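Residue numbers (my numbering), protein chains in the order written: chain A, 1 to 156; chain B, 1001 to 1156; chain C, 2001 to 2156; chain D, 3001 to 3156. Backbone N, C-alpha and C fix where the C-beta goes; we use that ideal spot for every residue, glycine too. Since the model is a prediction, treat every value here as computed from it, not as a measurement. The structure appears below as structure tokens.
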């Protein structure tokens, strides 16, 4: 890590919690915020058959959802007070079938930027005391002055 | 496209429908199969606030879920009768905020393979007669002899 | 394609040619500009053993180099006259071993933006009259007011 | 890391060196092997104007070339004695303009597999005692029984 990760806005935890509570998809999935530190955010997701793919594993879309939100909020912890974050793109490797009672996405900022931040998340399957990394996501996050829900502007 | 895309298994439509019906996450999202042709599968998703991110747009995880399933099933249309498909990895560019009453993911096989297939999906926002491509996903799909839901084997 | 691709700067061909001639790596590889149209740029590369990997195929780094430049210059054709382009990130699928006397990277803009453009390139192996798509690259390109070679600013 | 990384073949260092010496593109770039350990390989590249892009920085294709080879050889250190490795795909984030006298790509295996391994590389700019991570690459590597240079088989 080539820079010290210092939050611009001392109120970063409140901002992440407020934004997360507005992500209704997180509630639909059953996901919860587990950790908010400068440059790092963790989101947990209990398994449910309602989130499964054809073999009974957690669907890659659900894995991606928590990893994407963890990376976006990791970037938000380091953004100015009035900034919004949006994923420009991400890539995820699904390394092991997602079979466990509980999953944790750990998003971390690799490189914070004024316009774009790069984040890396690992998704871990939690089974009692066992942990296994099942997926890795590398994301580019756009950091911009706040836009409201009625905005029709481009990500680009 | 450098190869004619011919299904190995004449019953490919039934296989895609059966597998899709087992993806409980698709029902949870409200997604439906719209087209199954050799090398191409479309999946539709009506917008719902339960699928939203913090600005009220469709969450990237929901966009990814339908694009990932469309690409996987596009690969399945060309796979042998006993084969299963699993996404090894994908990368998605989210080009425009996902704001529309309905979305359609169109997955297509770029290169079918015996072990790995490469697929490209576009996700379109549908608003009356308007269509706009809002996301593009490039996926690597593993094609393997069938493994049951009780398998604990690696994707790798 | 949801937008008509119109160049902002009528002199876009000259700008692409000038910038390409400054990319000394293109000359080192032996690459040449083959086509410059609004939203589309082609770059050719003859095979040479000096560009090979361990099995004698064209190295993925050389394939990536021409696809990355084709996508960047495709974005430059649509950028304002004073703008520079830089790849923020890209993802490439290497679908077939790169074995041919000549290769062509065709970069196209999927979505032009004021700050970021998304481009898709295919790399084709040319062997007499035969063509085969051997690789596909999906890129995010930063479009910014001009920065000179002495700039030390971040991509981000 | 969820597994101990143990080489299958005690002669893994010789295999990596032999294969690297056959990658003529590495010699063309001026790259050298710097470290070969189980699950980790480092490749160094001195800057040269012959490798530059339009602003005088190291071209993304040259950065990708050493990161791709570092990841592929990291996978090879853990592969069976008769196996070959080929990149199926990779994604790279270019976080900072590549301006330094020397660069080092450090490839590491995140998840070794019998058929596919997932690797993560960071590329560091070295300037005297300063180090800065300028790029991150996430790769999927195919691990297969040996194929010779005359093979015409698919990557897929």
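_Under 7 Å by beta carbon: chain B residues contacting residue 92(A)_ = 1089, 1090
_Per DSSP, the bridge partner or partners of residue 71(A)_ = Answer is none; residue 71(A) lacks a bridge partner.
*Per-residue burial, residue 1156(B) [other beta carbons within 10 Å of its own, 16 or more giving buried]*: Residue placement at residue 1156(B) is flagged as unreliable, the pLDDT there being 47, under the threshold of 50; the coordinate-derived value follows with that caveat. By the neighbour-count rule (16 or more Cβ atoms within 10 Å), residue 1156(B) is buried.
_Terminal residues of the beta strand (DSSP E) in which residue 1105(B) lies_ = 1102-1111
*Label residue 2140(C) either buried or exposed according to how many other C-beta atoms from any shown protein chain fall within 10 Å of its C-beta, with 16 as the threshold for buried.*
buried
*Going along the region 93-121 of chain A in order, which residues come within less than 8 Å of chain C, judged by CB to CB distance?*
111, 112, 113, 114, 115, 116, 117, 118
*Output the boundary residues of the beta strand (DSSP E) element that contains residue 2026(C).*
Unbroken run through residue 2026(C) is the alpha helix (DSSP H), 2024-2029; no beta strand (DSSP E).
*Around the C-beta of residue 143(A), are 16 or more other C-beta atoms found within 10 angstroms, so that it is buried, or is it exposed?*
buried
*For residue 1136(B), three-class secondary structure by DSSP*: strand
*Checking contacts by CB at 8 Å: is residue 154(A) closer than that to chain C?*
Low local confidence applies: a pLDDT of 45 at residue 154(A) is under 50, so the model's placement there is unreliable, with the coordinate-based value given in what follows. Chain C contact via Cβ: present.
*Can you tell which of 1007(B), 1112(B), 1106(B) has its C-alpha closest to the C-alpha of residue 1064(B)?*
1106(B)
_Can you look up residue 1053(B) in the DSSP assignment and give me helix, strand or coil?_
coil
_Three-state secondary structure assigned by DSSP to residue 3076(D)_ = helix
*Validate contact between the region 2007-2025 of chain C and the region 2075-2087 of chain C using beta carbons, cut 8 Å, 3 pairs*: yes
_Sequence-distant residues of its chain with Cβ nearer than 6 Å to residue 150(A) (five each side left out)_ = With a pLDDT of 37 at residue 150(A), under the threshold of 50, the modelled position of that residue is not reliable, and the figure given next carries that caveat. The answer is none, since no qualifying residue turns up.
*Could you confirm whether any beta carbon from chain B is found closer than 8 Å to the beta carbon of residue 42(A)?*
no
*With DSSP collapsed to three states, give me the class of residue 2172(C).*
This structure leaves residue 2172(C) out entirely; chain C is present only between 2001 and 2156.
*asked:* Quick check on residue 1117(B): does DSSP put it in helix, strand or coil?
replied: strand
*DSSP three-state call for residue 1032(B): helix, strand or coil?*
strand
*Take residue 1100(B) and list the residues in its own chain whose beta-carbon comes closer than 7 Å to its own, dropping the five residues that flank it on each side.*
1047, 1125, 1126, 1127
*Report back the beta-carbon spacing between residue 39(A) and residue 86(A) to the nearest angstrom; my notes put them in contact at under 8 Å.*
Contact flag wrong, Cβ pair sits at about 18 Å.
_Any C-beta of chain A within less than 7 Å: which residues of the region 1041-1066 of chain B qualify?_
1049, 1050, 1051, 1052, 1053, 1054, 1055, 1056, 1059, 1060, 1061, 1062, 1064, 1065
*Determine the contact status of residue 3043(D) and residue 3062(D), defining contact as a CB-CB distance below 8 Å.*
no
*When the distance is taken between beta carbons, is residue 93(A) closer than 8 Å to residue 31(A)?*
no
*asked:* I need the DSSP call for residue 2142(C), collapsed to helix, strand or coil.
replied: strand
*Show which residues of chain D have a CB atom less than 7 Å away from the CB atom of residue 138(A).*
3091, 3093, 3136, 3138
*Closer than 8 Å by C-beta to residue 95(A): which residues in its own chain qualify, once you throw out the five before and the five after it? Chain order, please.*
133, 134, 135, 136
*Considering residue 2086(C), what are the terminal residues of the beta strand (DSSP E) in which it resides?*
2083-2094
*With 8 Å as the C-beta to C-beta threshold (strictly closer), list the residues of the region 3010-3023 of chain D near chain C in chain order.*
3019, 3020, 3022, 3023
*Give me the Cβ distance between residue 3059(D) and residue 2054(C), rounded to the nearest whole Å; I'm assuming they're in contact under 8 Å.*
Residue 3059(D) to residue 2054(C), Cβ: 22 Å. No contact.
*Leaving out the 5 sequence neighbours to the left and right, which residues in its chain are closer than 8 Å to residue 1148(B) when beta-carbon positions are compared?*
Its pLDDT being 47, under 50, residue 1148(B) is placed unreliably in this model, and the coordinates cannot settle the point.
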